[in-house]
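With the first letter of the sequence shown counted as 1, position 245 gets the number 263 in the working numbering; the numbers rise by one all the way through. A short worksheet on the structure shown next.
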Amino acid sequence: MGTGRAAGAHLRGLMVLLAALAVAWLTGAEFAAKHEPDVLYPGPGVTEVRRLSDYHPRLAGGPGDTPVYVLEGKQPGATVLVLGGTHPDEFAGFMAAVLLVERAEVEQGRLIVIPQANASGFTHNQPGEGHPAYIEIETPGGTRRFRLGARATNPVHQWPDPDVYVQASGQQLSGSETRNLNRAYPGRPDGTLTEQIAYAIVQLIKEEGVTMAFDLHEASPEYPVINTIVAHPRMMEIGVMAMMTLESQGIPIGLEQSPTALRGLSHREWGDSTDTLAALFESANPAQGRLRGRTNADLVLEGKDVQYERAAQLGRLYVPFGPEGHPLEERAGRHLSTLKAFFEMYTLLNPLNGIVVAGVPDYFDLMANGVGAYLQPPR
Numbered sequence: 019m020g021t022g023r024a025a026g027a028h029l030r031g032l033m034v035l036l037a038a039l040a041v042a043w044l045t046g047a048e049f050a051a052k053h054e055p056d057v058l059y060p061g062p063g064v065t066e067v068r069r070l071s072d073y074h075p076r077l078a079g080g081p082g083d084t085p086v087y088v089l090e091g092k093q094p095g096a097t098v099l100v101l102g103g104t105h106p107d108e109f110a111g112f113m114a115a116v117l118l119v120e121r122a123e124v125e126q127g128r129l130i131v132i133p134q135a136n137a138s139g140f141t142h143n144q145p146g147e148g149h150p151a152y153i154e155i156e157t158p159g160g161t162r163r164f165r166l167g168a169r170a171t172n173p174v175h176q177w178p179d180p181d182v183y184v185q186a187s188g189q190q191l192s193g194s195e196t197r198n199l200n201r202a203y204p205g206r207p208d209g210t211l212t213e214q215i216a217y218a219i220v221q222l223i224k225e226e227g228v229t230m231a232f233d234l235h236e237a238s239p240e241y242p243v244i245n246t247i248v249a250h251p252r253m254m255e256i257g258v259m260a261m262m263t264l265e266s267q268g269i270p271i272g273l274e275q276s277p278t279a280l281r282g283l284s285h286r287e288w289g290d291s292t293d294t295l296a297a298l299f300e301s302a303n304p305a306q307g308r309l310r311g312r313t314n315a316d317l318v319l320e321g322k323d324v325q326y327e328r329a330a331q332l333g334r335l336y337v338p339f340g341p342e343g344h345p346l347e348e349r350a351g352r353h354l355s356t357l358k359a360f361f362e363m364y365t366l367l368n369p370l371n372g373i374v375v376a377g378v379p380d381y382f383d384l385m386a387n388g389v390g391a392y393l394q395p396p397r
């Protein structure tokens, strides 16, 4: 009898051990898969692919290094930097940058694109948010899959968070902001991983003589700075012209000046610490909001949510929200049309040093045909 009980206990123990090993294997495989880089297909306009570590060698081979795509035109002109993926859960900013890499052809000037500015943030999801790990987009030639990341640097790569984050300016912020790239500028060469990424981007702006720099973002519909351009004071003149251009096309958009009281923001610190003209764009993404219902890939792609429809009826939002929602096509299209307006207005004022970019779909193209129609098919 005792021998049988012992054998049963051993069997149960073995089963528990095997189950634990299976769970560990599955979670380990998922963890490793999130570290596999997304596959992009540079279009014919890409003339060179660099690394962010070219501007700060300490990043080389680490989780903060990321591709830098250069598109050089035949005619000399302005140099423009576009960042996606500063916050890797803000999918439209990333996808707009991907479309630039895969579709843009520069006729005058030079375009530099970093689709995944915080590469570490793409290796995990936002804790407690229930976000999908991947987003799939259909193209005429097959399905493309992209990682949906988290707002901040992966804590596996930068830990622990301090109780209080003392920003490079000396301003004190919440400790969790230590992993937020858009609070880390102008960065520190010997700082945290996030600060070193910020430092490398600022070095790129300085070394490449970047004329204009743009940071593509998204925000929840209840956030007051939404469907808006936030521009450094030196960018405001062109910002007004771009806003008026978009409004004349039927694309309503706001314009705000960079705050001076909150430090570390890209548009403020780029403009203060370099000669570039800087701006940030925000679009409306219900997948990021506190009022959303079920969170899945459809919410990221289609942007439809009945909870947000109710919130709009109660006057709780800063954007209209109807049954059509705010799909990816609208959000990425806003970013691309806003970039186009800035390019055109800058070139109007500086024709001999302009930036002319062809081949990129705009808001109306994406709304008519979808994002997938303009992505390269998988190979």
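Glycine included, each C-beta is placed from N, C-alpha and C at the ideal position.
State the start and end residues of the unbroken alpha helix (DSSP H) segment that holds residue i.
i	result
Y59	Careful: Y59 lies outside any alpha helix (DSSP H) and carries neither H nor E.
R286	284 to 291
V86	Careful: V86 lies outside any alpha helix (DSSP H), inside the beta strand (DSSP E) at 85 to 90.
S355	346 to 367
T212	211 to 225
Y326	324 to 331
Y73	Segment: none, Y73 is in no alpha helix (DSSP H) and carries neither H nor E.
D383	381 to 387
Tell me which residue opens and which closes the beta strand (DSSP E) that residue i is part of.
i	result
S187	Unbroken run through S187: none, as it is neither H nor E.
L101	93 to 101
F299	295 to 302
V375	374 to 376
G111	Segment 109 to 121 is the alpha helix (DSSP H) holding G111; no beta strand (DSSP E) there.
E320	E320 -> not in any beta strand (DSSP E); alpha helix (DSSP H) instead, spanning 315 to 320.
F164	160 to 165
E66	66 to 69
Candidates the options: which alpha carbon is nearest residue i's?
i	options	result
P180	E123, E195, T171	E195
A216	L283, R308, A202, L319	A202
G102	P396, G139, Y73, L335	G139
G257	D293, T356, L35	T356
V389	G111, A279, L309, N143	G111
H235	G146, I219, R162, A114	A114
G188	K224, A391, I153, A279	A279
A297	A40, M261, A151	M261
L117	P106, V100, L29, H105	V100
A386	L346, K358, Q176, P178	L346
E342	G321, T212, F361, L335	G321
H175	E213, E90, T97	E213
K224	L295, L393, A170	L295
I130	T161, A330, T141, A231	A231
T229	P395, A96, A37, V41	A96
G307	S238, G148, I155, S192	S238
H74	T84, T65, A27	T84
Out of curiosity, what's the CA-to-CA distance linking residue i and residue j?
i	j	result
S276	N245	15 Å
R349	P173	29 Å
A135	L32	46 Å
A305	H353	18 Å
P133	G333	35 Å
L264	D380	11 Å
V220	W288	7 Å
G61	A249	30 Å
R69	N314	32 Å
A78	G340	46 Å
R252	P207	26 Å
E125	D56	28 Å
N303	R281	24 Å
R165	Y152	4 Å
T171	G268	37 Å
R143	A50	Per the sequence shown, residue 143 should be read as Asn rather than Arg. The alpha-carbon atoms of N143 and A50 are separated by roughly 13 Å.
H105	N368	32 Å
G377	E123	6 Å
R30	K52	33 Å
Q325	E147	16 Å
Per DSSP, what kind of secondary structure is residue i in: helix, strand or coil?
i	result
Q126	strand
G307	coil
T196	helix
Y336	coil
Y392	helix
Y152	strand
T157	strand
V41	helix
V174	coil
Inside the segment 227 to 274 only - beta strand (DSSP E) runs reaching at least 3 residues: Qualifying beta strand (DSSP E) stretches, in chain order: 230 to 237, 246 to 249.
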